[in-house]
Structure formats: C-alpha cells, structure tokens
Amino acid sequence: MATVTSAGVSLAPGGELSAQAEAVTESARAVPMLGADVAATLEWAVGVGREAASVGAGDTRGVWELLASVACLDVSAARILEPHLDALSILRQAGTDLSRQDDPWQVAQVGADADSSWGVFAAESADARLQAHRTSAGWVLRGTKPWCSLAGNVSHALVTAFVDDTERRLFAVNMRGPGVQPHRDEWFARGLPHVVSSPVDFVDAVAVPVGDEGWYLSRPGFSWGGMSVAACWWGAACGIARTLSAPAASPRADQVALVHLGTVDAALWAARATLAEAADMVDGRRALEGGERLLAERVRTVVSGAAALTLTEADAALGPAPLVMDREHARRVSDLHLYLRQHHGLRDAARIGRLLASAEP
Numbered sequence: 002m003a004t005v006t007s008a009g010v011s012l013a014p015g016g017e018l019s020a021q022a023e024a025v026t027e028s029a030r031a032v033p034m035l036g037a038d039v040a041a042t043l044e045w046a047v048g049v050g051r052e053a054a055s056v057g058a059g060d061t062r063g064v065w066e067l068l069a070s071v072a073c074l075d076v077s078a079a080r081i082l083e084p085h086l087d088a089l090s091i092l093r094q095a096g097t098d099l100s101r102q103d104d105p106w107q108v109a110q111v112g113a114d115a116d117s118s119w120g121v122f123a124a125e126s127a128d129a130r131l132q133a134h135r136t137s138a139g140w141v142l143r144g145t146k147p148w149c150s151l152a153g154n155v156s157h158a159l160v161t162a163f164v165d166d167t168e169r170r171l172f173a174v175n176m177r178g179p180g181v182q183p184h185r186d187e188w189f190a191r192g193l194p195h196v197v198s199s200p201v202d203f204v205d206a207v208a209v210p211v212g213d214e215g216w217y218l219s220r221p222g223f224s225w226g227g228m229s230v231a232a233c234w235w236g237a238a239c240g241i242a243r244t245l246s247a248p249a250a251s252p253r254a255d256q257v258a259l260v261h262l263g264t265v266d267a268a269l270w271a272a273r274a275t276l277a278e279a280a281d282m283v284d285g286r287r288a289l290e291g292g293e294r295l296l297a298e299r300v301r302t303v304v305s306g307a308a309a310l311t312l313t314e315a316d317a318a319l320g321p322a323p324l325v326m327d328r329e330h331a332r333r334v335s336d337l338h339l340y341l342r343q344h345h346g347l348r349d350a351a352r353i354g355r356l357l358a359s360a361e362p
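Just so we're aligned, residue 2 is where the sequence shown starts under the working numbering, counting upward by one.
This is the structure we're talking about:
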C-alpha cells in the first residue's frame, strides 16, 4: 500500500519520505487538538503555506505526499490544509505573491496578506446563485454560494460568481468584511464535524477579480486541486489500513484476515502508483498532452475506489469494536466516509467515458 511510518506516508515505491512531508507532519503533531481546533489548525496551515511548493511547480509528488501524510495523521487537518494550499497555488498562477510586500494586489480592498487563511468556494447548485456586479467603486457579489467549507473560520476566500447568464469569474473576498453572512447551525455531520460547509449569503460584498472571465475554469491546472484531494483520500485510507496489520499478524489469524490485508494493500499500492505517475505527468506537462481533465478523473476514480474498498475491508476485518471503542479509528472512518462524497461515483465514471468517447482517435 505504501510505507506508513510515524513520520508520514510515502509516494515512493521504496518508502522514502520527502523532507518537506516529514517536517510538516512533525509540525502538525505539535498542534493541540489538531483538526478539532479549527483556529489553531488554520494558523498551522498558514505557516505550512509559506513554505510549501505549489502543485505543478516541479515537486508535485512532494505536495501530495505532504497532504497524504497529514491525512494519515488526521483527516480533518488535511481537509483544512488542502484548500488553503490550493488557493495559494491559484493566486500564484494568477501572478499574485502574497509574500511580496510590494505586490500591488496586497493593498486591494480585500486586504489579504501572507497571514491570511484561505478557502476556495466554486460549487454551484440549482437553488442558489451568486452574481458579480461591476459598480463605479469596483466589483461586488450578490446572492448565495453553496457548500462553502470553513466560511465562518477563514479570513479570505476565492469565490466563483456569474458575471452574466453563463460565464463565471473568480474573485477574492474578505470573509470577515461587511456583506458576508455564512449560514449557521446547519451542519449535523458525524464525519468532519469541525469542518463546517454551509451556504454563504453575499450582500454587496466587495470582491477583487482574480484572472479574467473564464480563467479559473479554463486555466492549466484547474484539475490539479481535485487530484490533491485524492492524495488526502489515499493518506486517510492508509491510516485506516494500518489497523489491519495487527489482526493479520496474530497467531489466531485465519486466512480471511490475510485476505483483508492483502486486498487493501494491493488497492492502495495501485492508488499510490497512480498518484505518483500523475504527479510526474503534471510536473512534466505531459498531463496537458493527454487531457488534464481525463487524468484527474482517472486519478480520483482509482483512489476513491481504493479508499472505499479500504473502509469496507476494515469493517469486515475488524468488526464493530473499533468503531465504538477506538475514538481515533472511529473518527478517521467517519471523516473519510464524508470526505469521499466529494467523488460522485458512477457519474464521475461516466464522465471518463464521455471524455474518451469524444476524444480524437
């Protein structure tokens, strides 16, 4: 499946862990109530973001290994860290470097800087719509944005909004500014209970464009964030898979215990190899040649399948005891179950088929 150690989980076949992943995982261990204390975890994530590389910048394996190692330690922490790093990558792609004191974007109306914590809100729904309007003073957002994770916690967010009937544009928003109203008391999740995703009402909230119209969806790298999420799924599954080793090594273990461990190992090893190859393709720009969207859909389908199988096999191998008596295991299982719902199962598999069917021979 991978070499899972106290330091993290490796994407390399031999189990070598990158220095960055090891350092970040070690720093995560020092955060009191990692994942559960959202404010402390966000502060830690901001620190990680100052040093972490961006996906596509030459060390994508290192970034995904970092995310996987954090997810192996604590799924909620990875769920908090991943969108922050994704937002920083998007801003860098747009030519914004928050660490530069002379960057003119820093003095824009949203007041973001290197200490800002970020979310990325790009979901759409049939019953909610966010519209951007250009006024004499600049852009403002009006309407409701669904599924905004940690909207009540992050200082800033990158938000997609319609500029006309069909075209969307990306905007930076101060989530603590006037006209930004996250919904409250609508999160009843048992998995990721502290990573609240809620609708947000925007009432003439000041917004600063990031990129041109359509840039966010059409830019090279749009699909990278989805594969970063898959790296988190894989790391979380590796954390659950560790629990299968002891029962299989027990003198009382039967053939079935070995089957559970072997089945999970093969699936997670395949997922590891998929992520590693995809990272190399991204850094070598070979993903663009074969279709970046297709690569991302394949990676997410392979990894989500391996993670779902791990959950099923762990339940069968371990029975109910750890789900009700082992707080860490029960939390990790619940967190991963909910996190995996970001994959849409058969619909995403159908998307792969559609991309293949419409491709040139």
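Glycine included, each C-beta is placed from N, C-alpha and C at the ideal position.
By DSSP's criteria, residue 122 is part of a beta bridge. Which residues make up the other side? 160.
DSSP has residue 183 in a bridge; who is on the other side? For residue 183, which the question treats as bridged, DSSP gives the partners 201.
Around the Cβ of residue 21, are there at least 16 other Cβ atoms within 10 angstroms (buried) or fewer (exposed)? Burial check for residue 21: the Cβ neighbour count within 10 Å reaches 16 or more, so the residue is buried.
Output the distance between the C-alpha atoms of residue 32 and residue 136, rounded to the nearest integer angstrom. Computed Cα separation, rounded: 43 Å.
Three-state secondary structure (DSSP) at residue 345? Coil, per DSSP.
Would you kindly report the start and end of the unbroken beta strand (DSSP E) that includes residue 97? No beta strand (DSSP E) contains residue 97, which DSSP labels as neither H nor E.
Between the segment 118-130 and the segment 179-190, can you find at least three pairs of beta-carbon atoms closer than 8 Å? Fewer than three Cβ pairs drawn from the segment 179-190 and the segment 118-130 lie within less than 8 Å of each other, which leaves the two stretches out of contact.
To the nearest whole angstrom, what separates the beta carbons of residue 248 and residue 337, a pair I think is in contact under 8 Å? Actually they do not touch by this definition, with Cβ atoms about 19 Å apart.
Starting from the C-beta of residue 310, find all residues in its chain whose C-beta is less than 6 Å away, skip the five residues before and the five after it, and write them out in chain order. 268, listed in sequence order.
Should the segment 203-215 be called in touch with the segment 35-55, which here means at least 3 C-beta pairs below 8 Å? Cβ pair count under 8 Å is below three, so no.
Report the residue from 87, 234 and 357 whose alpha carbon sits nearest the alpha carbon of residue 312. Closest option to residue 312, judged by alpha-carbon separation, among 87, 234 and 357: 234.
Which residues bound the alpha helix (DSSP H) around residue 144? Where residue 144 is concerned, there is no enclosing alpha helix (DSSP H), although the beta strand (DSSP E) it sits in stretches over 139-150.
DSSP three-state call for residue 210: helix, strand or coil? The answer is strand: DSSP assigns residue 210 an E or B state.
Determine, using beta carbons only, whether residue 59 and residue 19 come nearer to each other than 8 Å. No.
Give me the Cα-Cα distance between residue 13 and residue 277, rounded to the nearest whole angstrom. A straight line joining the alpha-carbon of residue 13 with that of residue 277 spans about 7 Å.
Three-state secondary structure (DSSP) of residue 136: It is a strand residue.
By the 10 Å Cβ neighbour count, where 16 or more other Cβ atoms means buried, how is residue 257 classified, buried or exposed? Classification for residue 257: exposed.
Pick from 145, 232, 342 and 143: whose alpha carbon is nearest that of residue 73? When 145, 232, 342 and 143 are compared, the shortest CA-CA separation from residue 73 is found for 232.
Look up residue 56 in the DSSP assignment and say whether it is helix, strand or coil. Residue 56: coil per DSSP, three-state reduction.
Taking the alpha carbon of residue 300 as the reference point, which residue from 119, 349 and 220 has its own alpha carbon closest? 349 is the residue among 119, 349 and 220 whose C-alpha sits nearest the C-alpha of residue 300.
May I ask you to list the residues that DSSP assigns as paired with residue 174? Residue 174 has 158 and 208 as its beta-bridge partners, per DSSP.
Note down the Cα distance separating residue 220 from residue 123, rounded to an integer number of angstroms. Separation of residue 220 and residue 123 (C-alpha to C-alpha, rounded to the nearest whole angstrom) is 14 Å.
Please state the DSSP three-state secondary structure of residue 369. This structure cannot speak to residue 369, because the chain is shown only from 2 to 362.
For residue 31, which of helix, strand or coil comes out of DSSP? Coil at residue 31, not helix or strand.
Pull up the DSSP beta-bridge partners for residue 129, would you. Per DSSP, 126.
Pull up the CB-CB distance for residue 302 and residue 353, whole angstroms please, since I reckon it's below 8 Å. Confirmed, Cβ separation roughly 7 Å.
Compare the beta carbon distance of residue 133 and residue 164 with 8 Å and say whether it is the shorter of the two. Yes, they are a contact pair.
Alpha carbon to alpha carbon, how far is residue 172 from residue 47? Give it in angstroms, no decimals. Approximately 20 Å, taken between the alpha carbons.
Helix, strand or coil: which one does DSSP assign to residue 328? DSSP, read as helix, strand or coil, puts residue 328 in helix.
Go through its chain and collect everything with a Cβ distance to residue 294's Cβ below 6 Å, but skip five positions before and after it. Counting only Cβ-Cβ distances below 6 Å, and skipping sequence neighbours, we find 224.
Taking the C-alpha atoms as reference points, what is the distance between residue 112 and residue 246? Looking at the two C-alpha atoms, the distance is approximately 50 Å.
Give the C-beta separation of residue 49 and residue 25 to the nearest angstrom, bearing in mind that I take them to be a contact with Cβ-Cβ under 8 Å. The C-beta distance from residue 49 to residue 25 rounds to 6 Å, short enough to meet the 8 Å contact threshold.
Does residue 196 come out as helix, strand or coil in the three-state DSSP assignment? In the structure shown, residue 196 sits in coil (DSSP, three-state: anything other than H, G, I, E or B).
Nearest candidate by alpha-carbon position, reference residue 78, set 170, 237 and 210: When 170, 237 and 210 are compared, the shortest CA-CA separation from residue 78 is found for 237.
Distance CB(residue 96)-CB(residue 283) smaller than 8 Å: Cβ distance not < 8 Å, so residue 96 and residue 283 don't count as in contact.
Close Cβ partners of residue 108 (< 8 Å) along its chain, the five nearest in sequence each way excluded: Any answer about residue 108 is weak, because its pLDDT of 45 lies below 50 and its placement is not dependable; what the coordinates show is given next. Within the same chain, no Cβ atom closer than 8 Å to the Cβ of residue 108 is found once the five residues on either side in sequence are excluded.
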